[in-house]
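Peer 1: This structure is in structure tokens; I'll ask about it shortly.
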Amino acid sequence: MKIFILSFGRLKTSGLRDAADYYLRLSRPWVTLEEIEIKPLPVAEKSPASRRLIQDEEARRLLSEITNKLPEKAPFFLIDERGRALNSRQWSELMDDWERSGLKAVGLCLGSSLGFSASLKEKAKAVLSLGPQTMPHELARVVLMEQIYRAAAILKGHPYHNEG
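Whatever position you read off the sequence shown (first residue = 1), add 9 for our numbering.
Structure (structure tokens):
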């Protein structure tokens, strides 16, 4: 299975880049992770109308990347603090469902600092969460990669996940 992680902005913090690379390597025997970085728009004005315009343009950019980079009919999921929170076991069950249904690829999308537009949420397969807390986007990407690795380890019976 191939999981595309689509996110706004680059991973610039060296320690977080190192952590992301670590989980990319660990995941490789079980799942292929591919990062797609999208340039975020500057937020000059924080009025609701301005925010909606930026969200709409970012949705257009994200959908363009999904169309151009993901295989046809590959579902995409949005990762948002207001989405459905999954624990590690539930992430593994979701990934198992993807594999059992014959999916070859899936997109997991992290939004910009403005989050996702309502229209994009309607197009996504589901909106999921890494938990109720707000975190920097760079950190969210690393946490997502770790959870993907952990879920794969659970499915393979690897001792990385120590539930007790």
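Idealized CB from N, CA, C, for every residue including glycine.
Pick helix, strand or coil for Gly92, following the three-state DSSP scheme.
Peer 2: If DSSP states are grouped into helix, strand and coil, Gly92 belongs with the strands.
Peer 1: What do you reckon, are the CB atoms on Pro80 and Ala133 nearer than 7 Å?
Peer 2: It is not a contact, given that the beta carbons lie outside the stated cut-off.
Peer 1: Please determine if the segment 144 to 156 and the segment 19 to 37 are in contact, where contact requires at least 3 C-beta pairs separated by less than 8 Å.
Peer 2: Touching, per the Cβ criterion.
Peer 1: Jot down the residue ranges of each uninterrupted alpha helix (DSSP H) in the segment 95 to 169, minimum 4 residues, whole runs only, in chain order.
Peer 2: The segment 95 to 169 contains these whole alpha helix (DSSP H) runs: 97 to 109, 127 to 132, 146 to 165.
Peer 1: In terms of DSSP beta bridges, what is Leu15 paired with?
Peer 2: Paired residue(s): Ile45, Cys118.
Peer 1: Report yes or no: do the segment 118 to 130 and the segment 14 to 22 share at least 3 C-beta pairs separated by less than 8 Å?
Peer 2: Counting Cβ pairs under 8 Å, three or more are found: they touch.
Peer 1: Buried or exposed: which applies to Ala160, given that a residue is buried once 16 or more other Cβ atoms fall within 10 Å of its Cβ?
Peer 2: That one is buried.
Peer 1: Return the residue from the list Leu164, Lys48, Pro51 that minimises the CA-CA distance to Ser36.
Peer 2: Of the candidates Leu164, Lys48, Pro51, the one whose C-alpha sits nearest the C-alpha of Ser36 is Leu164.
Peer 1: Sorted by chain position, which residues of the same chain lie with C-beta nearer than 8 Å to Ala68's C-beta, five sequence neighbours on each side aside?
Peer 2: Excluding positions up to five away in sequence, the list reads Phe125, Ser126, Ser128, Leu129.
Peer 1: Check for me: the alpha helix (DSSP H) holding Glu54 runs from which residue to which?
Peer 2: Run containing Glu54: none; DSSP gives neither H nor E here.
Peer 1: Taking Val52 as the reference, which of Ala58, Ile63, Leu42, Ile45 has the closest Cα?
Peer 2: That would be Ile63, whose Cα lies nearest to the Cα of Val52.
Peer 1: For Leu87, does the three-state DSSP call read helix, strand or coil?
Peer 2: Three-state DSSP puts Leu87 in a strand.
Peer 1: Starting from Arg37 and walking both ways along the alpha helix (DSSP H), at which residues does that stretch end?
Peer 2: Arg37 -> no alpha helix (DSSP H), and no H or E assigned at all.
Peer 1: Alpha carbon to alpha carbon, how far is Asp65 from Leu139?
Peer 2: So the two alpha carbons sit approximately 23 Å from each other.
Peer 1: Going by alpha carbons, who is nearest to Tyr158 out of Arg98, Gln142, Met144?
Peer 2: Measuring from the Cα of Tyr158, the nearest candidate turns out to be Arg98.
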